[in-house]
Amino acid sequence: MIEDNSWNWELRLLTRAEVEAIFGFPTRRYLEIVAGTGTGPIEIRIGRTVRYKASDVQAWIEQHRAARQP
């Protein structure tokens, strides 16, 4: 039997460091900077911990990509 693990990527909560490493953002604190301006991906706060749904980050990147294409 083949398992379908595609839901894992969409539901997984990532740390800022994981998001920055996976998506190759320009600086280590890039997500903090865009969060401060309100232009970053949707954050999930659990106490003082910040997490991101991988699918939210992917959607945020697609929005910026679409906005820059002619």
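Counted from 1, the sequence shown has number 688 at position 57 by our numbering; the numbering is strictly sequential. Cβ coordinates follow ideal geometry from the N, Cα and C atoms, glycine included. These numbers were taken from a predicted model, which means no experiment stands behind them.
Do Ala666 and Val688 have their C-beta atoms within less than 9 Å of each other? The Cβ atoms of Ala666 and Val688 do not sit closer than 9 Å to each other.
Under three-state DSSP, which class holds Arg676? Reduced to three states, the DSSP call for Arg676 is strand.
Identify every residue that forms a DSSP beta bridge with Leu644. Its beta-bridge partners are Lys684.
Starting from the Cα of Lys684, find the closest Cα among Gly678, Thr668, Glu693, Glu674 and give me that residue. Answer by Cα proximity: Glu674.
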